[in-house]
Amino acid sequence: MMRQQLGAWAEQQAAQVMQQQGFQLLASNYHSRYGELDLILVRELELVFVEVKARALTRYAQAIESVSRAKQAKMLKTAMCFIQKNPQFAHYYYRFDVICFDFKQQFAKTIQHDFSQYPYDLQWIENAFTFDQEFINL
Numbered sequence: 153m154m155r156q157q158l159g160a161w162a163e164q165q166a167a168q169v170m171q172q173q174g175f176q177l178l179a180s181n182y183h184s185r186y187g188e189l190d191l192i193l194v195r196e197l198e199l200v201f202v203e204v205k206a207r208a209l210t211r212y213a214q215a216i217e218s219v220s221r222a223k224q225a226k227m228l229k230t231a232m233c234f235i236q237k238n239p240q241f242a243h244y245y246y247r248f249d250v251i252c253f254d255f256k257q258q259f260a261k262t263i264q265h266d267f268s269q270y271p272y273d274l275q276w277i278e279n280a281f282t283f284d285q286e287f288i289n290l
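Right under this line is the structure:
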């Protein structure tokens, strides 16, 4: 339950950050048979597909480290599905960003939280990854 709340909060915050930079939200939680894109935004002729990650304090890894090569391939294939279904974006410049929220503490799993009240690091990585032909065929 807490993980879903944290994820929804992070996606909402990421969308706000990008909208403050002039982006318009086209879709959130866009699904295809290949996977999901957390956010799809547009600004002028730039179409941005965003993966949002949030993590409470952990000794394992930061949020960015959970965006695996397999996840990147799923994002690409899902983005291609979006473009095929929305041909008005076929000539846009495409970009894949990752926005991460790393919190500095653990959260009780059974309590509803106002995550904005807790300290966190926000990391927005533009053009977080690119694709070559070999990668697309994974």
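Take any residue in the sequence shown, count from 1 to its spot, add 152: that is its number in our numbering. All residues carry an ideal CB built from backbone N, CA and C; glycine is no exception. Just so we're clear, the structure is a prediction, and the values are computed from it rather than from any experiment.
Task: Runs of alpha helix (DSSP H) lying entirely within the stretch 162-247, each at least 4 residues, in chain order - done: 221-237
Open item on the list: Can you tell me which residues form a DSSP beta bridge with phenylalanine 281?
Closed with: For the purposes of this step, residue 281 is taken as the residue at position 129 of the sequence shown. Its beta-bridge partners do not exist; DSSP assigns none.
- [ ] With a 10 Å radius around its C-beta and 16 neighbouring C-beta atoms as the bar for buried, classify leucine 197 as buried or exposed.
- [x] One-based indexing of the sequence shown puts residue 197 at position 45. Exposed, by the Cβ-count rule.
TODO: Could you tell me the distance, in whole angstroms, from the CA atom of histidine 183 to the CA atom of lysine 229?
DONE: Numbered from 1 along the sequence shown, position 31 holds the residue referred to as residue 183. Numbered from 1 along the sequence shown, position 77 holds the residue referred to as residue 229. Straight-line Cα distance between these residues: approximately 11 angstroms.
- [ ] State the Cα-Cα distance for the pair valine 178 and phenylalanine 281, rounded to the nearest angstrom.
- [x] Position 26 of the sequence shown, counting from 1, holds the residue named residue 178. Position 129 of the sequence shown, counting from 1, holds the residue named residue 281. The amino acid at residue 178 is misidentified as valine; the sequence shows leucine. C-alpha separation (whole angstroms): 21 angstroms.
Task: Backbone secondary structure at glutamine 275 - three-state DSSP - done: Here residue 275 corresponds to residue number 123 of the sequence shown, with the count starting at 1. Strand.
TODO: Identify, in the order they occur along the chain, each residue of the same chain with its Cβ nearer than 8 angstroms to the Cβ of methionine 227, setting aside the five sequence neighbours on each side.
DONE: Stepping through the sequence shown from its first residue, residue 227 is reached at position 75. These residues qualify, in order along the chain: Gly187, Leu189, Phe201, Glu203, Phe248.
Open item on the list: Can you give me the C-alpha to C-alpha distance between alanine 222 and glycine 174, rounded to a whole angstrom?
Closed with: As a position in the sequence shown, residue 222 is number 70, starting the count at 1. As a position in the sequence shown, residue 174 is number 22, starting the count at 1. Using only the alpha carbons, I get a separation of about 30 angstroms.
- [ ] Would you tell me roughly how many angstroms separate the C-alpha atoms of cysteine 233 and alanine 208, rounded to the nearest one?
- [x] Translated into the one-based positions of the sequence shown, residue 233 becomes position 81. Translated into the one-based positions of the sequence shown, residue 208 becomes position 56. Those two C-alpha atoms are separated by around 32 angstroms.
Task: C-beta atoms of glutamine 224 and isoleucine 251 nearer than 9 angstroms - done: In the sequence shown, the residue the question calls residue 224 occupies position 72. In the sequence shown, the residue the question calls residue 251 occupies position 99. For glutamine 224 and isoleucine 251, no; Cβs fall outside 9 angstroms.
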